[in-house]
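Asker: Let me begin by handing over the structure; questions about it come next.
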Amino acid sequence: TADRPMRIGVVACGYADGYPRHAPTGTPIAVDGVMTRVVGRVSMDMLTVDLTPCPNAGIGSSVELWGDQVKVDDVAEASGTIGYELMCALARRVPVVIVPPGASTMQPALRTGSYGR
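Here's what the structure looks like:
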């Protein structure tokens, strides 16, 4: 149940991808560079986010689960774990892009779907 009127978005990522199943409402997430929050429960293949602070968000919007803007340790703390556990829990179906320091994310050094897995 929403705690107030809001616009809700569905993100195609869930605990089968390695996102923490216990992430509660309020866990930080960024949509199109705007900080917002997870709302509701994380499902196997999707999660829902509050798009109220992101009026231009829609299909194809970028979502940062953790990275430069959303710190993995903040997501981990909200979920009752540590960042290392989240990094180790990434599923094989999640593409991993390794970008060297100072490089643009548009110029990945390595792109792999398995990252040694």
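In my numbering, the protein residues as written are 4 to 120.
Quick reminder that beta carbons are idealized off the backbone N, C-alpha and C, glycines included.
For Ala60, I'd like the list of residues in its chain whose CB is within less than 7 angstroms of its CB, leaving aside the five on either flank, ordered along the chain.
Answerer: Excluding sequence neighbours, Ala60 sits near Gly12, Val34, Asp35, Leu54.
Asker: Given a threshold of 16 other Cβ atoms within 10 Å of its Cβ, counted over all protein chains shown, does Asp20 qualify as buried or as exposed?
Answerer: Its Cβ being crowded by 16 or more others within 10 Å, Asp20 is buried.
Asker: Suppose contacts are defined by Cβ-Cβ distances below 8 angstroms. Is Pro27 in contact with Met38 by that definition?
Answerer: Not in contact: Pro27 and Met38 (Cβ atoms no closer than 8 angstroms).
Asker: Given Gly29, which residues of its chain have a CB within under 6 angstroms of its CB, disregarding the five upstream and five downstream residues?
Answerer: Excluding residues within five positions, the ones whose Cβ falls inside 6 angstroms are Arg40.
Asker: Indicate, with yes or no, if the ligand COA has a heavy atom lying under 7 angstroms from the CB of Val66.
Answerer: Looking for the ligand COA in the displayed structure turns up nothing, as the structure carries no ligands at all.
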